[in-house]
Each structure stands twice: as structure tokens, then as C-alpha cells.
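Residue numbers (the working numbering): 120 to 418.
We put the beta carbon where it would ideally sit given N, CA and C, even for glycine.
One structure is given below, encoded as C-alpha cells.
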């Protein structure tokens, strides 16, 4: 048995003829049943909870005593009106939107700039290489460990408000964003920057006019992750915000829970209302979202 055949048996790598057969099956439109079954199972993990949420939001509390997955006997749309009123939805949604947009803009502008400096200098200066590992090591620090110092420090600095929360989101995303930005920036040819410098461009001009536009696929990936994180985050607003008028949508879900009871029907209607803006953004921008993620993955 040759070394090539033995290596393929050990690693599971398909042979060249096997790859040709797989390409021919795909070209002929044949169904891959293992992948189809895996796709169906993956879809069910999303569709079943979503269906349960929708039917619960359209029931009365009395109907919850029967089958949880059953269709409502009568459609109770008033649950959405109650959720709108109890959560003060316009104000809470405005607070979440302001935090999301602020964190998104500040994250893209600052994290990409810091990553550019580290990526271009870490090969020449040990300080920047040390900074890279220092920032990336923050990925392994759980938030509960630093929660109390952060709460005390933000209170002392007068940042226990929405501005402080935007700054915290920008800083906490720095570790992961530097990790992905630096790897991507290293793949950008230096010749592009050298040509711009020969034409008289400064370092700032090189970054904003040459490098930053080339970061579009990675910016899309970071933007998607940041928006989903900030819009749905519960812990940071809970421990940082001190004013009731600053509450975000996830925090307002508390009004449906008490020590002895939970209003599930109105609560699930509120969950759907909270998900609606993100689903709308995804439906409208899905082509750019998927394109950005795939281009960033294969770069």
C-alpha cells in the first residue's frame, strides 16, 4: 500500500476520483442525504423554539394549561399591546438603538485602527507583539471576574450611563476584533501602502484611503457580531445603568416576572417585538451580510 493511499485512509481525505465523483454529483443536482438530514435537524433547533414563542404570544393565560405546542383557540393580539405599554417599548427600543449604533461606529473606527498599528509593527517591535498577546489574552477572562471592579470604577468616573456603556462595549470587543483584524490586515499586500507613500500619503491617509476600504468584508463580520451582541445583551446594562429612563429592551423583560408569577403570554409577545428589528435588518441586508461573512472567511 502506497504512502498516499495510507495517508488518505488515516486522515479520511477523499481520493482524487472521489472528489471528481462528488463534483459530478453536485453538478447533476443529486441530493446529499446526510447533509440534508443535518440541515433539517439544524433548522428544527431554530424553528421549533420560534414556533413555540409565536403560539404562546397569541394565547391567553388560560390556554397555556393545555398542550404547549397547540395552535391558539383564539388569537389574542392584545398581548402585543400590553407588552408595548408595560415595557414602554418606544423608549426602550430607542435606548437599545442608540447603544447599538454608538458601539458599532466606535468599534469599527477604533478597533480596526488599533489592529492596523499592531499588525504592521509587531514584526519589527516586540512591544507591539506583546500588546497583541496582551489584548488577545483578554478572551480567556470571564466577565463575572471583572464585573465588580468595572461597576465600581464606572460609578466613580460618572460613566454609569449610556456613554459609559458604549465605551465598555468598544473595549470588551477589542480582544476578539484585534484577533480577526490583525490576521486579515497581514494578508493585505504591503506594496499597496508603499505605492501610496511614494505618492506622498501619510500614515493616516494610507489607513483611511487604502487599508480601511479593503477591510470591508471583515468590517461586515465585526459589525454583525457587534450588533447582535449589543442589541441582545442583558448583563452589562443590568450592572452599569442606574437610571430607569436608560433601560434597554432586554432589561424591560423584568416587568413580566415577579417572585410568585410570570406573565408568559405577554412576555413572549415582548420577546417577538424585541427580535423584530434584528429580523427586519437581516431580511433587508441578508445579501450583504452573507457576502461579508463568506468573503471574510475565505480571505
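Query raised in the report: Would residue 389 pass as a contact of residue 372 if the rule is Cβ separation under 9 Å?
Result: Walking along the chain shown from the start, residue 389 turns up at place 270. Walking along the chain shown from the start, residue 372 turns up at place 253. Going by C-beta atoms, residue 389 is nearer than 9 Å to residue 372.
Requested in this report: Can you give me the Cβ contacts of residue 191 inside the same chain, cut-off strictly under 7 Å, excluding the 5 residues immediately before and after it?
Outcome: For this step, residue 191 is matched to residue 72 along the chain shown. Counting only Cβ-Cβ distances below 7 Å, and skipping sequence neighbours, we find 174, 177, 178, 182.
**Report entry** Residues near residue 240 by beta carbon distance below 6 Å, same chain, minus five either side
**Finding:** Sequence index remark: in the chain shown, residue 240 carries index 121 (1-based). These residues qualify, in order along the chain: 247.
Report task. Leaving out five residues on either side along the sequence, give the residues of the same chain with a beta carbon under 7 Å from the beta carbon of residue 387. Result -> In the chain shown, residue 387 corresponds to position 268, counting from 1. The residues are 172, 175, 176.
Query - Touching by the beta-carbon criterion (3+ pairs, under 8 Å), the segment 323-335 and the segment 226-235 - result: yes
Requested in this report: Return helix, strand or coil for residue 229, following the three-state DSSP convention.
Outcome: Taking the chain shown and counting its residues from 1, one reaches residue 229 at position 110. Helix at residue 229.
Query - Simplified DSSP assignment, three categories, for residue 381 - result: Here the question's residue 381 lines up with position 262 in the chain shown. Note: residue 381 maps to strand in three-state DSSP.
Query - Spatially closest choice to residue 375 from 261, 180, 149, by CA coordinates - result: Taking the chain shown and counting its residues from 1, one reaches residue 375 at position 256. Checking every option, the nearest Cα to that of residue 375 belongs to 180.
Requested in this report: Determine the contact status of residue 326 and residue 235, defining contact as a CB-CB distance below 9 Å.
Outcome: Taking the first residue of the chain shown as 1, we reach residue 326 at position 207. Taking the first residue of the chain shown as 1, we reach residue 235 at position 116. Against a cut-off of 9 Å, the Cβ pair of residue 235 and residue 326 comes out as a contact.
Query - Residues near residue 381 in its chain [Cβ-Cβ closer than 7 Å; skip 5 each side] - result: As a first step, residue 381 must be located in the chain shown, where it is residue number 262. 375.
Query raised in the report: From residue 123 to residue 256, what does the alpha carbon distance come to, in whole angstroms?
Result: Here the question's residue 123 lines up with position 4 in the chain shown. Here the question's residue 256 lines up with position 137 in the chain shown. Low confidence applies to residue 123: its pLDDT is 48, below 50, so where it sits in the model is not reliable enough to give any reading.
Report task. Have a look at residue 277 and residue 349 and give me their C-alpha separation to the nearest angstrom. Result -> Position 158 of the chain shown, counting from 1, holds the residue named residue 277. Position 230 of the chain shown, counting from 1, holds the residue named residue 349. Their Cα atoms are separated by approximately 21 Å.
**Report entry** Residue burial classification, residue 200 (beta-carbon count within 10 angstroms, cutoff 16)
**Finding:** As a position in the chain shown, residue 200 is number 81, starting the count at 1. Label assigned to residue 200: exposed.
**Report entry** CB-CB length for residue 198 against residue 384, believed under 8 Å
**Finding:** Against the chain shown, residue 198 aligns to sequence position 79. Against the chain shown, residue 384 aligns to sequence position 265. Between residue 384 and residue 198 the Cβ distance is about 5 Å, and since that is below 8 Å, they are a contact.
Query raised in the report: What did DSSP end up calling residue 318 once you bin it into helix, strand or coil?
Result: Mapped onto the chain shown, residue 318 falls at position 199. Note: residue 318 maps to coil in three-state DSSP.
**Report entry** CB-CB length for residue 354 against residue 281, believed under 8 Å
**Finding:** To locate residue 354, count along the chain shown from 1; it is residue 235. To locate residue 281, count along the chain shown from 1; it is residue 162. Not a contact, Cβ separation roughly 16 Å.
Query raised in the report: Shortest alpha-carbon distance to residue 74 belongs to which of 221, 196, 391?
Result: The displayed coordinates of the chain run from 120 to 418. Any statement about residue 74 would go beyond what the structure contains.
Query raised in the report: Cα-Cα, which of 346, 268, 365, 251 is closest to residue 398?
Result: The count along the chain shown starts at 1 and reaches residue 398 at position 279. When each option's Cα is compared against that of residue 398, the closest is 346.
Query raised in the report: Is residue 237 helix, strand or coil by DSSP?
Result: In the chain shown, counting from the first residue as 1, residue 237 sits at position 118. Looking at residue 237 - three-state DSSP - the assignment turns out to be helix.
Requested in this report: Confirm, please, whether the CB-CB distance from residue 288 to residue 352 is below 9 Å.
Outcome: In the chain shown, counting from the first residue as 1, residue 352 sits at position 233. In the chain shown, counting from the first residue as 1, residue 288 sits at position 169. Yes, these two residues count as a Cβ contact at 9 Å.
Report task. Note down, in chain order, each residue of its chain lying with its Cβ closer than 8 Å to the Cβ of residue 211, except the 5 sequence neighbours on either side. Result -> Sequence index remark: in the chain shown, residue 211 carries index 92 (1-based). Counting only Cβ-Cβ distances below 8 Å, and skipping sequence neighbours, we find 366, 367, 368, 370, 371.
Requested in this report: Determine the DSSP secondary structure at residue 193, reduced to helix, strand or coil.
Outcome: The residue given as residue 193 occupies position 74 in the chain shown. In the structure shown, residue 193 sits in coil (DSSP, three-state: anything other than H, G, I, E or B).
Query raised in the report: Counting along the chain, where does the alpha helix (DSSP H) carrying residue 153 start and finish?
Result: In the chain shown, residue 153 corresponds to position 34, counting from 1. That run of the alpha helix (DSSP H) goes 152-176.
Report task. Please classify residue 307: does DSSP put it in a helix, a strand, or coil? Result -> By 1-based counting over the chain shown, the position of residue 307 is 188. Residue 307: coil per DSSP, three-state reduction.
**Report entry** Identity of the residue in 311, 318, 343 nearest residue 330 by Cα
**Finding:** Here the question's residue 330 lines up with position 211 in the chain shown. The option with the nearest alpha carbon to residue 330 is 311.
Query raised in the report: Leaving out the 5 sequence neighbours to the left and right, which residues in its chain are closer than 7 Å to residue 292 when beta-carbon positions are compared?
Result: Within the chain shown, numbered from 1, the residue matching residue 292 stands at position 173. Around residue 292: 226, 230, 345.
Query - Residue nearest to residue 223 in terms of C-alpha spacing, selected from 341, 391, 356, 403 - result: Residue mapping note: residue 223 aligns to position 104 of the chain shown, counting from 1. Closest by alpha carbon: 341.
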